[in-house]
Structures are given as C-alpha cells and as structure tokens.
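Trainee: The C-terminal position of the sequence shown is numbered 574 in the UniProt record's numbering, with every residue numbered one higher than the one before it. Okay, here's the structure, questions in a sec.
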Amino acid sequence: MSSVQPEVLQATAVDANLKSYEEARRTFDWSEVEKAFSWHTTGKVNMAYEAIDRHAEAGLADKIALYYSDANRREAVTFGQMKANSNKFGNVLRKLKVAKGDRVFIFMPRTPELYAALLGTIKIGAIVGPLFEAFMEQAVRDRLEDSEAVAIVTTPALLPRVPVRDLPHLRHVVVVGDSAEVGAEHVDFYKEMEQASEELAIEWMDREDGLILHYTSGSTGKPKGVCHVHNAMIQHYYTGKIVLDLKQDDIYWCTADPGWVTGTSYGIFAPWLNGVANVVRGGRFKPEDWYGTIVDNKVTVWYSAPTSFRMLMSAGDDLVKQFDLSSLRHVLSVGEPLNPEVIRWGLKVYNHRIHDTWWMTETGGQLICNYPSMDIRPGSMGKPIPGTEAAILDDSGNVLPPNRMGNLAIKTPWPSMMRKIWNNPAKYEEYFRMNGWYVSGDSAYMDADGYFWFQGRVDDVINTSGERVGPFEVESKLVEHPAVAEAGVIGKPDPLRGEIIKAFISLRAGFEPSDELKADIAKFVKLGLAAHAAPREIEFKDKLPKTRSGKIMRRVLKAWELGLPTGDLSTIED
Ligand code: 6R9
C-alpha cells in the first residue's frame, strides 16, 4: 500500500496463448470456450471423457498422457491406455453396483493406478473424493462419514487407517496391491481389472451433476466437503490455455497431490482437457529428485508452490547448476503468498519469472493470476482472469476504492465455482452473504493499476507449507490427549513453511510440563490426525485466554506470540 514505484518484471513471452490481457477482458465470452466440448452437440458431458477419450478418439491414442516416476518405478501411459484403464475401473465399480451420484474415495499415493481409478470413478458418474495419503484414521473416518461414501480405493499400507466399523454406507474396500495382501473381505484391484472389459458405456452427465468432493478446513467445525460439478471443465480448460499457457507439445508438471485441489484441477483436468502430456512424480520431496524430474522428462511448464520453491532455494544455487533445466519455459506457483525474494531468486537461477496464481478449493479453478504476456509486480497475485470480476469489499459488502484493504471477493458465478458444501447448506450460504459476491475469507487490496495484493486470512485458518489446516481440528485432537486440559492453536510465521502450527496448552491436574510430554503430544496429533497437522511448537500455559462464551481467543495467543498489543479484550472471560 506504499506510494513508492512498484518493482516490475516485464512480460517476456511473445507467443503466449493469451496475447493481450486487456483485450481479452473486453471481448472474452465463456460461451465461446464451451464449443470445445461435446455437450455442444449432445447436451450431455463427462469430464473424464473430455479429458482422455476425446483425445484418444481424435488421433492422439498413442500420445503419452502420463509420465510417471518414483524411486522404484518409471512408466509412460498413452491416452489410449488411460482410456482403456479408466474404462476397466468404471466396469469394476459397476460390477460392485456403484452408481451415478455415489461417493467413492481414493486414498493412496500417486501412482498410475490412482489416475485410472479416479477417472474411472468419474466415468460412471460417481463423485470422487481424493484423500491425502498422510491422513490418519480419524481424518479418513470424518470424510467417509460426512459424505456417506460407498467405496474406498486404497493400498495395503494404508488399509489399517481405513475405518470399517460404524460406517453403514461403506460397502467396498478396493485394495491396490499384491493379491497375498488383499483380504477376503476386500476387492482385489488387479484381479478385477484383469477381468474387466475395456469397453464402457460412459455415464453422460448434466453439466451441473456432481464431479468431485474436496474436503477442506475452516476455522471451526469439522472439515467441509466442497462439491464441484462437471461444468468446471470450462474453466480448467481455459485457464490451462491462458494461465498455464499449455500448447500441444508441452510436457507439464504439477507437483501437487490429488488430495489437494491443485492436484486435481491442475494435476489432472486442466492438462488433459488440453491434450497435454502430464508428469507425475511419486514419493517425497527431495530437491535432487525434483530437478531430476525436470531433466528426465524435459518438463516445459512447471506448477508448484511457494513452500517448495523456498525449500529449493534453501537447497542452494550450486545444486541448480548441476541440472540442465533449459527445457523449462513457464513456471507458476499457488497456495500461499509468493515472496518477492523467491521470484527474484527464480529469475536468477532458473532464468524464469515465477507466475503467482490465486484461487481456493471453493473456487475450483484459478481466478487471480499473472500471465506470460503481462508485467509481474513481485508480491502481487496478479489480475482476475478474463470473464471474472474481483473486488475488495468492506464488511458491509461495499466495493472499496483502490489501495484500501478489505475482503477479497469474486462476482458470482464463474464456471468452476463450488455448487454446495456437502450436508451443510448454511455453511455454503455464508460464502455468498454479500449480495452477488463470493467472499473468500482472504484480505487483500487492489492497487491503482488493478493488481491484487494478498494481506492475510480473515479467519484463523493456518497455511503451513501450502496445506490449509483448521486450528479447531488440531485443538480437538489435542484435547483427546490424557494430559491436555485445553488447547489453542495458531499459525506462527515461519520463513520456510509460511506458517508453522503452534499449540498453547494447559495441562490437566497431575501433569507436569516437560519436553518428553511435548514430544508425546505432537506424536499423538501426528498419528491421530495427520503429520502436517501436528504442532511443531508447543507452549504450556496455566490458563488460556477465552471469551465469555468459552471460545479460546486465538487472536490473543497470536498477539502474545508476535509480541503485539492484544487489542479489544472486551469479550475475554476474566
Ligand atoms: C488452491 C489453494 C486457499 C487459500 C486462500 C489463500 C491461500 C492460495 C495464494 C494464497 C496468497 C496466493 N492462497 N493461493 N495466498 N497468494 N497466490 O491453495 O486452495 O488449499 O483451498 O487454499 O490459500 O489464503 O484462501 P486451498
């Protein structure tokens, strides 16, 4: 919000798909994009057909759709093979009497099987729910329970975390593994796939039929099931073109897991709707493996996250020099504020501007972005995609003038907007409380030239290494520990992870603070919820600040942590 001249990184791409942002904003029309899809002639559609089969049937059957690698496995899958494999899995589910609209979860690490299973689920019209492999039993249970899922696809290693008791709707556990590891009560993935036909009668869907369910954390309550519909493909396809700048010969790599919306919208749908080869790297993050993935596959377009870029930055410039990264032509980021420092570093070592993009699980697709043909102002998320309108609103819903901080909001609707929160219409309505606007929960301002600048979250949601963690979920798990009386959880600023989770804890009578107890409590959350949800820091307090209604005041904890004034304490307990 300063008046000094902003730093500008000039546009470099001369042959970008989006030639002129300003002109596209004036002339763009979503109905033009729709013509790329089959529903124009039939009125019916299916995301998986448009992403895979359409290309296989248009002469690209032998083109590589997926370049997969991890430490032990390397495999290329063509569009034709992906069509056949997803058809087979669709038939497996049909044999199990899974039908249109049923919820099917996929809980496994990234492998070619995951992609066939996810697309096959969509092909028969079921709603797919991808889950992070890091989830522990409680996290899996919450999601299966809320959505009344009928089936889950998993691996022998993750099987112990799949709850089967007290889930009356869950009929099938499909296990992707060696037959010896598949119990009689489970469905043997490989065995069924072997017997299944490669021909499938695709379930033709209405544009507004359910496609995918991504659970995400809010500041209160259990995780919310954000539901997207097949219509989202319009935005995935279009942003794939103008933001990812995808072209036929690109080798594209999105580093996100499908358990996160980025790993589906931009790790599956956007590249394949554009008929582009998609790279998937399994296993954990290791700087050498990541650079190796770019070299081995000759990656041209790379979509990652600030936390990863920061980790690569801390791995050092010398490491970069050991790899030939000259195949790269376009680099992008999402998930957290992209530090100007990281952009400058990227320019120095990769010789590329890193293009920041802003969007959310709820928005389904990119909304505020930097484009190859547009100047970048480091620290800014960019400008709204053509066909959408973004604004900064005050708390009464009035549009604020430039340079004023407020609620970042998007004019409704847009093609990939969520269509419901599962089982929770009241929560859904909350987002749209300001007449005609979707209220994001982020605060930001827009400068005089229309660039948007992220300022923070309005609520208490923590963003650690790009993962959204609801403090309430962590607090709930903490108080299950026998030593914990009460817990308050905040995000503490961290140079590498953006934020880390810090827990303030008051102990039950009879327990004494100690480092062993801290470690035990952190482990308890790690095993009970998820590794990324475990507090990295714990501080014991005799008493936690609370409102009279008993809510732990996280903003006071945060102020303590940062050494800031605690602000209005009128609602504090005592
Ligand atoms: C796609 C995704 C959404 C929240 C969002 C905001 C933060 C995402 C950002 C960003 C600053 C960016 N966020 N992109 N903050 N600059 N470019 O990340 O979805 O996991 O639902 O998180 O992430 O706070 O509200 P999701």
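Glycine residues also receive a C-beta, built at the ideal position from the N, C-alpha and C atoms.
#1: Please confirm whether any heavy atom of the ligand 6R9 lies closer than 6 angstroms to the CB of F454.
#2: Taking 6 angstroms as the cut-off, does the CB of P493 come closer than this to any heavy atom belonging to the ligand 6R9?
#3: Look at the alpha carbon of E473 and the alpha carbon of P109, and state the distance between them as a whole number of angstroms.
#4: Hey, I233 and V92 are a contact pair by Cβ (cut 8 angstroms); roughly how many whole angstroms apart?
#5: Tell me the DSSP secondary structure of I234 in three-state form.
#6: Tell me, which residues are paired with G205 by DSSP?
#7: Would you kindly work out how many angstroms separate the C-alpha atoms of S217 and L529, rounded to a whole number?
#8: Check whether the stretch 236-245 touches the stretch 364-371, counting contact only when three or more Cβ pairs, one atom from each stretch, lie closer than 8 angstroms.
#9: Using only the heavy atoms of the ligand 6R9, determine whether one of them is closer than 6 angstroms to the beta carbon of P384.
#10: Check this for me: beta carbons of M47 and H214, under 7 angstroms apart or not?
#11: Three-state secondary structure (DSSP) at H172?
#12: Looking only at its chain, what residues have a beta carbon closer than 7 angstroms to the beta carbon of K543, apart from the 5 residues adjacent to it on each side?
#13: How close, in whole Å, do the beta carbons of S317 and L338 come, if the pair is a contact with beta carbons under 8 angstroms?
#14: Which partner residues of D188 appear in the DSSP bridge assignment?
#15: Helix, strand or coil, according to DSSP, for Y428 in the structure here?
#16: CA-CA distance, Y303 and S514?
#17: Tell me, which residues are paired with L211 by DSSP?
#18: Drop a sphere of 10 angstroms on the beta-carbon of M1, count the other beta-carbons inside from all chains shown, and report buried for 16 or more, exposed for fewer.
#19: Would you tell me roughly how many angstroms separate the C-alpha atoms of A509 and S333, rounded to the nearest one?
#20: Does DSSP put V280 in a helix, in a strand, or in coil?
#21: If I follow the unbroken beta strand (DSSP E) through V226, where does it start and stop?
#22: Suppose you measure from the CA of A56 to the CA of I251; what does that come to, to the nearest Å?
#23: Quick one: grab the DSSP three-state call for V182.
#24: Would the C-beta of P223 count as close to the ligand 6R9, meaning under 6 angstroms from any of its heavy atoms?
#25: For the ligand 6R9, is there any heavy atom lying closer than 6 angstroms to the beta carbon of W359?
#26: Verify the contact flag: R536, CB atom, against every heavy atom of the ligand 6R9, threshold strictly below 6 angstroms.
#27: Span of the alpha helix (DSSP H) holding E32?
#28: Closer than 6 angstroms to a non-hydrogen atom of the ligand 6R9 - does that hold for the CB of R457?
#29: Could you give the DSSP three-state label for P163: helix, strand or coil?
#30: When the distance is taken between beta carbons, is A65 closer than 7 angstroms to F89?
#31: Would you list, in sequence order, the uninterrupted beta strand (DSSP E) runs of no fewer than 3 residues that lie entirely inside the stretch 53-106?
Mentor: Result, derived from the coordinates:
#1: yes
#2: no
#3: 23 angstroms
#4: Residue identity check: residue 233 is Met in the sequence provided, not Ile. Between V92 and M233 the Cβ distance is about 24 angstroms, and since that is not below 8 angstroms, they are no contact.
#5: If DSSP states are grouped into helix, strand and coil, I234 belongs with the helices.
#6: According to the sequence as given, residue 205 is Met; it is not Gly. BP columns for M205 point to V45.
#7: 13 angstroms
#8: yes
#9: no
#10: no
#11: strand
#12: S506
#13: For clarity, residue 317 is Asp in the given sequence; the question names Ser instead. The Cβ separation is near 19 angstroms, so there is no contact.
#14: V175
#15: helix
#16: 42 angstroms
#17: The partner list for L211 (beta bridge, DSSP) is empty, contrary to what the question assumes.
#18: Because the pLDDT at M1 is just 42, under 50, the model does not fix this residue reliably, and the point stays unresolved.
#19: 47 angstroms
#20: strand
#21: 224-229
#22: 18 angstroms
#23: coil
#24: no
#25: yes
#26: Judged by the Cβ position, R536 fails to qualify as a neighbour of the ligand 6R9 at the 6 angstroms threshold, every heavy atom of the ligand being at least this far.
#27: 30-34
#28: yes
#29: coil
#30: no
#31: 64-69, 74-78
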